[in-house]
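Residue numbers (our numbering): 222 to 436.
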């Protein structure tokens with residue numbers, strides 16, 4: 222089930238779709254399952270980036286092929302701004318290659334439009350797995366990403382201009398909040414929630430993580 226806090230407050234759903242009716246359809250489907258939702262729609266990359274910050278969604282539902290912003294581009298924006306928020310693809314067709322790319326880029330799930338009843342379970346599952354991530358500070362998310370890419374404590378300290386002891390403190394807090402007890406568990410969690418593509422190397426630039434994690 223969804224986080225109890227989200228059950229007491231409206232679930233904020235950002236819909237990335239060309240069709241203006243898409244937001245209404247999403248609201249109806251989730252409301253039918255007993256969820257109180259507020260929706261916002263974006264239809265371009267610029268509008269999506271703005272809504273991620275201004276609307277501060279609890280979940281993103283995105284079409285796959287939009288006129289002004291495809292899902293791959295949207296995922297790039299999402300990873301930079303609000304990677305703790307679940308990103309779910311809602312698509313008409315299952316283009317396997319495109320879906321694999323999106324899932325590897327961090328999409329939490331894929332829902333086929335002709336099976337809308339699965340939308341509720343997809344949203345609840347995605348929120349549940351990411352809930353611990355949303356308790357982390359921005360710096361802790363950065364440390365988690367570096368760890369997931371195999372960086373040592375000293376390397377992370379250099380990248381973030383921190384002392385090794387501070388990095389170790391952040392790592393311990395991340396482990397505690399995520400409920401894991403070893404680095405392998407951190408890596409698995411990061412991959413699971415889309416914070417780490419195992420075939421992607423991070424930039425050495427200290428600004429490689431322009432992240433905003435909702436608190």
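Note that the Cβ used here is the ideal one computed from N, Cα and C, for glycine as well. Everything numeric in this text was worked out from a predicted model, so none of it was measured.
Which same chain residues end up closer than 8 Å to residue i when comparing Cβ atoms and leaving out the 5 residues on each side of it in sequence?
i           : result
residue 351 : 305, 306, 307, 329 and 414
residue 266 : 289, 290, 294, 295 and 298
residue 411 : 365, 366, 368, 369 and 417
residue 316 : 285
Let's test the definition: count the other Cβ atoms within 10 Å of the Cβ of residue i and tell me whether it reaches 16, buried, or not, exposed.
i           : result
residue 314 : exposed
residue 391 : buried
residue 343 : buried
residue 249 : exposed
residue 375 : exposed
In the DSSP assignment, find the alpha helix (DSSP H) that holds residue i and state where it starts and stops.
i           : result
residue 359 : 359-369
residue 246 : 243-253
residue 296 : 292-302
residue 397 : 385-399
CA-CA distance, residue i and residue j?
i           : j           : result
residue 238 : residue 357 : 30 Å
residue 426 : residue 338 : Summary for residue 426: the model assigns pLDDT 35, below 50, so the residue's position carries little reliability, and this model does not support an answer.
residue 245 : residue 275 : 20 Å
residue 310 : residue 371 : 29 Å
residue 334 : residue 312 : 6 Å
First and last residue of the beta strand (DSSP E) that includes residue i?
i           : result
residue 316 : First-last for residue 316: undefined, no H or E at that position.
residue 267 : Where residue 267 is concerned, there is no enclosing beta strand (DSSP E), although the alpha helix (DSSP H) it sits in stretches over 266-275.
residue 262 : 258-263
residue 330 : 330-333
Take residue i as the anchor and find which of the options has the nearest alpha-carbon.
i           : options               : result
residue 233 : 257, 377, 397 and 253 : 257
residue 280 : 402, 406 and 259      : 259
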